[in-house]
Amino acid sequence: MSNFKQKTYTSKSGTEYVFQFPGVRSVSKINDASKNKFGVVMEERLSDEMLKHVIVSPKLKIDDFPSYQEYMEVINAAYAFISGKDGDGNDDQQAGSGEEG
Numbered sequence: 000m001s002n003f004k005q006k007t008y009t010s011k012s013g014t015e016y017v018f019q020f021p022g023v024r025s026v027s028k029i030n031d032a033s034k035n036k037f038g039v040v041m042e043e044r045l046s047d048e049m050l051k052h053v054i055v056s057p058k059l060k061i062d063d064f065p066s067y068q069e070y071m072e073v074i075n076a077a078y079a080f081i082s083g084k085d086g087d088g089n090d091d092q093q094a095g096s097g098e099e100g
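For the sequence shown, counting from 1, position 10 maps to 9 in numbering that gives the first Met the number 0; every step adds exactly one.
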């Protein structure tokens, strides 16, 4: 897993998070696990999957966030990262500095 891209994300509150791309198959599984039987994405399920597989530092649970705003900002940023829609225009160059492979 050391070859998987990482990105440092700083929230509006100044808290730093590290996201790691878990691999294409894992992203597909995250998408599947986040939906109910009708194919509707469930916020809590998606958040749990992001916190378990994508947000590698700090390790948090939903209840650890200080506000709903911070929670949604970070979860949405993590999902944008694994979807390739995080908007920094350098999607192929996000391997974290200091990463060793």
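From the three backbone atoms N, C-alpha and C, an ideal C-beta is built for every residue, glycine too.
Fair warning: this is a prediction, and the values are worked out from it, not measured in the lab.
Hey, how far is the Cα of residue i from the Cα of residue j?
i, j, result
"Gly22", "Gln68", "28 Å"
"Glu72", "Phe64", "11 Å"
"Tyr70", "Ser56", "14 Å"
"Ile29", "Glu15", "23 Å"
"Leu59", "Leu50", "6 Å"
"Gly13", "Ile74", "15 Å"
"Glu48", "Met41", "11 Å"
"Asn35", "Ser27", "15 Å"
Quick one: is residue i buried, meaning 16 or more other Cβ sit within 10 Å of its Cβ, or exposed?
i, result
"Lys6", "buried"
"Asp62", "exposed"
"Lys11", "exposed"
Name the two residues that bound the continuous alpha helix (DSSP H) containing residue i.
i, result
"Ser56", "Careful: Ser56 lies outside any alpha helix (DSSP H), inside the beta strand (DSSP E) at 54–56."
"Lys6", "Element bounds for Lys6: not the alpha helix (DSSP H) but the beta strand (DSSP E), 5–9."
Less than 7 Å separating the beta-carbons of residue i and residue j?
i, j, result
"Phe3", "Gln19", "yes"
"Ile54", "Ala77", "yes"
Who are the near neighbours of residue i in its chain, counting only those whose CB is closer than 8 Å to its CB and skipping five residues on each side?
i, result
"Val17", "Gln5, Lys6, Thr7, Tyr8, Ile54, Val55, Ser56, Gly95"
"Ser25", "His52"
Spatial neighbours of residue i within its chain, please: CB distance less than 6 Å, with the 5 preceding and 5 following residues excluded, ordered by chain position.
i, result
"Leu45", "Ser33"
"Glu99", "In this prediction, Glu99 has a pLDDT of 37, which is less than 50 and means its spatial position is unreliable; what the coordinates show is noted afterwards. Excluding positions up to five away in sequence, the list is empty."
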